[in-house]
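Novice:
Structural data, given as C-alpha cells:
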C-alpha cells in the first residue's frame with residue numbers, strides 16, 4: 642500500500658499517541674533537503690513498538706534528551722529521543738562517542754522502542770548514529786607534498802588523495818629512533834604510518850603519531866673517505882670533513898684508532914687540513930651528519 646505524505650504523518654502520530662500499533666508502519670522518502678550519503682530517509686515502527694528513524698534532525702538537547710524532527714517534505718514529525726547509560730552513540734564511521742558530541746543541527750539515525758503511555762512520540766533509545774560527525778580514528782600512509790596552511794601541519798599524498806596532517810604539542814613524530822619536530826619533516830619524506838582522528842568532511846587528520854621512514858642501514862658502521870677541512874680543539878676532539886661534497890663532523894673518542902697511511906698509530910696533531918682521511922664508523926641518528934669514528938686513517942700521512 643502506498644501512502645501519501647499527509648496520510649503517513651497522520652498515521653504515525655495516531656499510532657504513537659494511541660499506542661495501538663497493530664501492524665508495521667514503513668515509510669521511505671527522498672527528502673531533497675536532508676539527504677545524507679549512505680543513509681536513506683526512513684521511519685519504521687513494528688507491532689511491538691520497535692522504531693527505527695533515519696535522518697532525523699536535532700533541534701534541541703536538554704540533559705539526556707534530544708528533541709528532533711523527522712521531515713517529510715515541508716511537513717515534519719516531532720520526536721523526543723530519551724537516552725540513558727545503556728544508549729550507544731556512534732560517529733558515522735563507527736567510533737563510539739559521548740552524548741556531548743551530538744549537536745543541534747546534526748542528522749541522526751535512531752533505534753529504540755516507543756515509550757509506553759507517552760502523550761507524544763517518545764523513543765527510549767538503544768542506538769544512535771550521528772551522521773553529521775564524520776570523524777574516524779584511522780591511519781594513513783603516503784608521501785609528504787608540502788606544508789599546510791596552518792602552523793604544524795603538512796600535506797600528505799595518499800592512495801585515496803591528498804589529506805592534511807594536523808599536529809599539536811602532544812603529537813609524536815618518529816624518524817628512526819628519534820622524536821623530531823615538524824620543521825624536520827621535508828617534501829618527499831615517506832610517512833609509513835600516521836594515526837589519529839580523521840575528519841572526512843575536511844580531509845584533515847588530527848595526528849597522535851606520525852612515523853617518517855628512514856633506512857636504518859645508513860646507521861650501520863661503514864667506510865667513509867674525504868678531505869680534512871679542520872680539527873677542533875674540543876674535548877673530545879672532532880674533525881670537520883668534506884665527504885662526497887657534504888660537510889661531516891667526525892667525533893673521536895678514547896677508543897678511536899688514529900693511524901697514518903701505513904696503519905701505524907700517530908697523534909691527531911700530525912693531521913693537517915687538506916689531508917685525505919679514511920674513516921670507519923657509524924653515522925648518528927641526528928639531523929646533522931656526525932660520524933662516531935672507530936678508525937681514522939690519514940692516507941696523506943706517511
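In the numbering used here, the protein residues as written are 642 to 943. Glycine residues also receive a C-beta, built at the ideal position from the N, C-alpha and C atoms.
(1) For a quick check, are the C-beta atoms of residue 753 and residue 738 less than 7 angstroms apart?
(2) Report the rounded CA-to-CA distance for residue 911 versus residue 901, giving the unit in angstroms.
(3) Check whether the segment 884-893 and the segment 930-943 are in contact - that is, three or more C-beta pairs closer than 8 angstroms.
(4) DSSP three-state call for residue 696: helix, strand or coil?
(5) Does the Cβ of residue 831 have 16 or more other Cβ atoms within 10 Å, making it buried, or fewer, making it exposed?
(6) I need the straight-line Cα distance from residue 924 to residue 918, nearest angstrom please.
(7) Given residue 769, which residues of its chain have a CB within under 6 angstroms of its CB, disregarding the five upstream and five downstream residues?
(8) Give the single residue among 715, 714, 941, 931 whose Cα lies nearest to the Cα of residue 879.
(9) Would you decide whether residue 899 is buried or exposed? Buried here means 16 or more other CB atoms lie within 10 Å of its CB.
(10) In chain order, what residues of the same chain have a beta carbon less than 6 angstroms from the beta carbon of residue 815, not counting five sequence neighbours either side?
(11) Per DSSP, which residues does residue 758 bridge with? Please list them.
(12) Consult DSSP for residue 792 and reduce its assignment to one of helix, strand or coil.
(13) Can the beta-carbon of residue 719 be found closer than 7 angstroms to that of residue 710?
(14) Is there contact here, the segment 866-876 with the segment 834-847, by at least three beta-carbon pairs under 8 angstroms?
(15) By DSSP's criteria, residue 880 is part of a beta bridge. Which residues make up the other side?
(16) So, is residue 671 buried or exposed, given that buried needs 16 or more other C-beta atoms within 10 angstroms?
(17) Please state the DSSP three-state secondary structure of residue 840.
(18) Quick check: the Cα distance between residue 673 and residue 714, rounded to an integer number of angstroms?
(19) Given a threshold of 16 other Cβ atoms within 10 Å of its Cβ, counted over all protein chains shown, does residue 669 qualify as buried or as exposed?
(20) I need the boundaries of the beta strand (DSSP E) containing residue 719, first residue and last residue.
(21) Closest to residue 707 by C-alpha separation, out of 756, 905, 908, 722, would be which residue?
(22) Relative to the C-alpha of residue 782, which candidate in 793, 810, 848, 843 has its C-alpha closest?
(23) Check whether the Cβ atoms of residue 779 and residue 865 lie closer than 7 angstroms to each other.
(24) My assumption, with CB atoms under 8 angstroms, is that residue 800 sits in contact with residue 846. Please give the rounded CB distance.
(25) Grab me the residues of residue 803's own chain with a C-beta within less than 6 angstroms of its C-beta, minus the 5 sequence neighbours each way, in chain order.
(26) Who are the Cβ neighbours of residue 784 in its own chain at under 8 angstroms, not counting the five residues just before and after it?
Specialist: This is what the structure gives:
(1) no
(2) 9 angstroms
(3) yes
(4) strand
(5) exposed
(6) 16 angstroms
(7) 730, 749, 751
(8) 931
(9) buried
(10) The beta carbon of residue 815 sits closer than 6 angstroms to those of 852, all from its chain and outside the five residues before and after it, given in chain order.
(11) DSSP lists no partner for residue 758.
(12) coil
(13) yes
(14) With contact defined as three or more Cβ pairs closer than 8 angstroms, the segment 866-876 and the segment 834-847 are not in contact.
(15) Looking at the DSSP output, residue 880 sits in a beta bridge with 872, 891.
(16) Note on residue 671: pLDDT 34, under 50, position unreliable in the model; the coordinate value appears next. The residue is exposed, with fewer than 16 neighbouring Cβ atoms inside 10 Å.
(17) Three-state DSSP puts residue 840 in a strand.
(18) Because the pLDDT at residue 673 is just 33, under 50, the model does not fix this residue reliably, and the value given afterwards should be weighed accordingly. Distance between the alpha carbons of residue 673 and residue 714: 8 angstroms.
(19) Because the pLDDT of residue 669 is 37, which lies under 50, any placement of that residue in the model is unreliable, and the question is left without a value.
(20) 716-723
(21) Of the candidates 756, 905, 908, 722, the one whose C-alpha sits nearest the C-alpha of residue 707 is 722.
(22) 848
(23) no
(24) Rounded, the Cβ-Cβ distance is 15 angstroms, inconsistent with contact.
(25) 796
(26) 797, 798, 829, 830, 831, 832
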